[in-house]
Amino acid sequence: EEVYKRAEYAKAIGSIVIMIDLVMGYTAIQSIAYWSRENDMLLHLHRAGNSTYARQKNHGINFRVICKWMRMSGVDHIHAGTVVGKLEGDPLMIKGFYDILRLTELEVNLPFGIFFEMDWASLRRCMPVASGGIHCGQMHQLIHYLGDDVVLQFGGGTIGHPDGIQAGATANRVALEAMVLARNEGADYFNNQVGPQILRDA
């Protein structure tokens, strides 16, 4: 009930998105997803707490399964890993998470952890969010590993800029646009010498 109260308050003050956490429970997540649809609000899911069972080697639930459940529950965004930054991030594992959230059809792909074919039919997609220790200096890596359909969430990477928050926000946007342009023009942007130089020049 408290979640609904806070969601109603967020809507009343003009927010278009609400954030919930995985630990609130699967039934509650689906209930607030219905509310979000009915009230034209985006639903962002923070995954704090998932490591207590998703990273266990002997028991638990793999995060790929959580991605499936959250997509089926109607979540719009979910923190799904960064590859770079402060969180766990094997590139192939993260690609598997992102594919489950973004694609309509998946083929078997063992390196990505996709063990059987999946057809999501007309079920809505879920946008992966990269968040956790990322900053504009990693933009060549973020674009390479995560692609275009991702929310890049720079918290400390914006606030921690030596010239302040506004400069941090500007640096993020400039880095993104410079790297996308370089990629689209055919530059070897992921190269450890080329990518950082593009960022310095921008």
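FYI, in the working numbering the residues of the sequence shown are 901 to 1102. All C-beta atoms in this analysis are idealised placements derived from N, C-alpha and C, irrespective of residue type, glycine included.
Entirely within the segment 1000 to 1077 and at least 4 residues each: give me those alpha helix (DSSP H) ranges in chain order.
Counting only runs of 4 or more, we get 1039 to 1046 and 1056 to 1059.
What span of residues does the beta strand (DSSP E) with D921 cover, start to end?
In this chain, the beta strand (DSSP E) harbouring D921 covers V917 to D921.
Identify, in the order they occur along the chain, each residue of the same chain with its Cβ nearer than 8 Å to the Cβ of F1015, setting aside the five sequence neighbours on each side.
Correct list, in chain order: V1008.
So which of S951, E1017, P1011 and G981 has the shortest CA-CA distance to E1005?
If you compare the alpha carbons of S951, E1017, P1011 and G981 with that of E1005, the shortest gap goes to E1017.
With a threshold of 8 Å between beta-carbons, can G1068 be considered close to chain C, or not?
Any reference to chain C falls outside this structure, which holds one protein chain only.
Burial state of S951, where buried means 16 or more other Cβ atoms lie within 10 Å:
Burial call: exposed.
Keeping to the same chain, check which residues put their C-beta closer than 7 Å to that of D976; ignore five residues upstream and five downstream.
Same-chain partners within the cutoff: L942, L943, H944, C1026 and M1027.
How would you call A980, buried or exposed, if buried means at least 16 neighbouring beta carbons within 10 angstroms?
Counting C-beta atoms within 10 angstroms of its own C-beta, A980 has 16 or more neighbours from the protein chains shown and is therefore classed as buried.
Does the distance from the C-beta atom of G1013 to that of M1039 stay below 8 Å?
Not a contact, by the Cβ cut-off of 8 Å.
What would DSSP say about I929, mapped onto helix, strand or coil?
Annotated three-state conformation of I929 is helix, per DSSP.
Quick one: what's got a C-beta closer than 6 Å to A948's C-beta in the same chain, skipping five residues either side?
Take A948, set aside five residues on each side of it, and the residues of its chain with a beta-carbon closer than 6 Å to its own are D921, in chain order.
Straight-line CA distance for N1084 to K905?
Spanning the two alpha carbons is a distance of roughly 46 Å.
Collapsed DSSP secondary structure at I978 in the structure displayed
Three-state DSSP puts I978 in a strand.
Excluding five sequence neighbours on each side, which residues of the same chain lie with their C-beta closer than 8 Å to the C-beta of I1098?
So the qualifying residues of the chain are H1040, A1078, M1079, A1082, A1087 and Y1089.
Buried or exposed (CB count within 10 angstroms, at least 16 for buried), G1060
Residue burial annotation: G1060 is exposed, with fewer than 16 other C-beta atoms found within 10 angstroms of its C-beta.
Smallest Cα separation from D940: which of T927, H959 and S915?
Out of T927, H959 and S915, S915 has the C-alpha closest to the C-alpha of D940.
With respect to the beta strand (DSSP E) encompassing H944, which residues constitute its N-terminal and C-terminal limits?
L942 to H946 is the span of the beta strand (DSSP E), which, as asked, contains H944.
Buried or exposed: which applies to T982, given that a residue is buried once 16 or more other Cβ atoms fall within 10 Å of its Cβ?
Buried, since its Cβ has 16 or more Cβ neighbours within 10 Å.
Please report how far the alpha carbon of E902 lies from the alpha carbon of Q1093, in whole angstroms.
Going from the Cα of E902 to the Cα of Q1093 covers about 51 Å.
Checking 8 Å against the spacing of the C-beta atoms, do Y926 and W969 come in under that value?
Yes, the Cβ-Cβ distance between Y926 and W969 is below 8 Å.
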